[in-house]
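Trainee: Got a structure for you, written out below as structure tokens; questions coming shortly.
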Amino acid sequence: MSAVQPIPADTYKLGFIGAGKMAESIARGVVKSGVLPASRIQTAHKGARRAAFESIGVGVFEHNNQVVENCDVVIFSVKPQVVKDAILQLRPLLSEKKLLVSVAAGVKLKDLQGWAGHDRFIRVVPNTPAAVGEGASVMSLGAGATQEDGEIIAKLFGAVGKIWKADEKLFDAVTGLSGSGPAYIFLVIEALADGAVAAGLPRELALGLASQTVLGAASMATQTGKHPGQLKDDVTSPGGTTIAGVHELEKSGFRGILMNAVVAAAKRSRELSQN
């Protein structure tokens, strides 16, 4: 591969192929955080999604090729089943001068790079809480992506949460945890609220308390640096209410059930990526 031309960090333009919710979340977060002004972000759409991006100040073209021609960093934010066609259609414009990124679930770097014709590609696995600025994303760099390229993408996805770097071989497990994990937590919130209703609380109060309790517990886990087991011990007084509840969870195999959910989702991710 020839020497890679650096992306101009202070002036580069960001383009989205695909104008869905994930692209919108990233664009909003990037603009809100000041990482990029809206004037340097572009996408293409002919339908109702135009308004969502135009309300941020993002430029909206009629065709994807216009986005690629105008942008230095191009994020493919389309469904996995159409990412191949999207890349192949744009391949003549996808030179190594452009940094390419995919957030398509289950689509491997070797395939993305093969379709694009070069390996200056970064694959990112984000999750839906990016929509509220609390995403958990993991990225893996293709062979042609530089450390500076990685830093650019880390800043972009850092605008909608936190981002880690990992080997792509770990991405099925990542999908099983952070990709699918929000659904598990929504079930936990719903179940906690149902339990509170059964104990006598009004539905609205129960749901509010359950949601805030999960949010607060997660914040303590990320901000205190303590092991979650220690945080749990801090709440469980001898012979108290919390240990009685924890005992019930342990009798029902609560931790094993969550572990099995992550493993099952990771297994399914592996199956889908091989199809």
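Taking this note's numbering as reference, the numbering of the sequence shown is continuous, increasing by one, and the terminal residue is 1110.
C-beta atoms are modelled at their ideal positions from N, C-alpha and C, and glycine is treated no differently.
1) Taking the Cβ atom as the reference point for each residue, do residue 921 and residue 884 lie within a distance shorter than 8 angstroms?
2) Return helix, strand or coil for residue 949, following the three-state DSSP convention.
3) Would you mind sorting residue 925 into buried or exposed? The rule is 16 or more other CB atoms within 10 Å of its CB.
4) Output needed for residue 1003: all residues of its chain with C-beta closer than 8 angstroms, excluding positions within five of it in sequence on either side, in chain order.
5) Under 8 angstroms between the Cβ atoms of residue 1045 and residue 1078?
6) Within the continuous beta strand (DSSP E) that includes residue 934, where are the two ends?
7) Using a 10 Å radius around the Cβ and a threshold of 16 neighbouring Cβ atoms, would you call residue 916 buried or exposed?
8) Suppose the cutoff is 8 angstroms on Cβ atoms and the five residues either side in sequence are ignored; what does the same chain contact list for residue 1099 look like?
9) Between residue 860 and residue 966, which are expected to be in contact by the criterion C-beta below 8 angstroms, what is the C-beta distance as a whole number of angstroms?
10) Can you tell me the Cα-Cα spacing of residue 961 and residue 935, whole angstroms?
11) Contact between the stretch 897 to 913 and the stretch 1062 to 1081: three or more CB pairs below 8 angstroms?
12) Grab me the residues of residue 1066's own chain with a C-beta within less than 8 angstroms of its C-beta, minus the 5 sequence neighbours each way, in chain order.
13) Considering residue 1014, what are the terminal residues of the alpha helix (DSSP H) in which it resides?
14) Pick helix, strand or coil for residue 894, following the three-state DSSP scheme.
15) Assign residue 836 to one of three DSSP states: helix, strand, or coil.
16) Would you mind stating whether residue 964 and residue 996 have Cβ atoms separated by less than 8 angstroms?
17) Please classify residue 953 as buried or exposed, where buried requires at least 16 other C-beta atoms within 10 Å of its C-beta.
18) Beta-carbon within less than 7 angstroms of residue 990's beta-carbon, same chain only, minus the 5 sequence neighbours each way: which residues are those?
19) In this structure, how does DSSP classify residue 849 when only helix, strand and coil are distinguished?
20) With DSSP as the reference, please indicate the residues paired to residue 970 in a beta bridge.
21) Buried or exposed: which applies to residue 777, given that a residue is buried once 16 or more other Cβ atoms fall within 10 Å of its Cβ?
22) Could you give the distance in angstroms between the alpha-carbon of residue 992 and the alpha-carbon of residue 845?
23) In the DSSP assignment, what residue or residues form a beta bridge with residue 956?
24) Which word fits residue 836, buried or exposed, when buried means at least 16 other C-beta atoms lie within 10 angstroms of its C-beta?
25) Given a cut-off of 8 angstroms on the beta-carbon distance, is the pair residue 865 and residue 978 in contact?
26) Are residue 842 and residue 1069 touching if we call contact CB-CB under 8 angstroms?
27) What did DSSP end up calling residue 1041 once you bin it into helix, strand or coil?
Mentor: From the atom records:
1) no
2) helix
3) buried
4) 943, 944, 958, 975
5) no
6) 934 to 937
7) exposed
8) 1011
9) 4 angstroms
10) 16 angstroms
11) no
12) 1052, 1055, 1056, 1059
13) That residue, residue 1014, is in no alpha helix (DSSP H); it is neither H nor E in DSSP.
14) strand
15) The predicted position of residue 836 is uncertain, since its pLDDT is 46 and thus under 50; a value taken from the coordinates is nonetheless stated next. If DSSP states are grouped into helix, strand and coil, residue 836 belongs with coil.
16) yes
17) buried
18) 870
19) strand
20) 996
21) Any question about residue 777 goes unanswered here, given that the chain covers just 836 to 1110.
22) 17 angstroms
23) 935
24) The predicted position of residue 836 is uncertain, since its pLDDT is 46 and thus under 50; no value can be drawn from it.
25) no
26) no
27) helix
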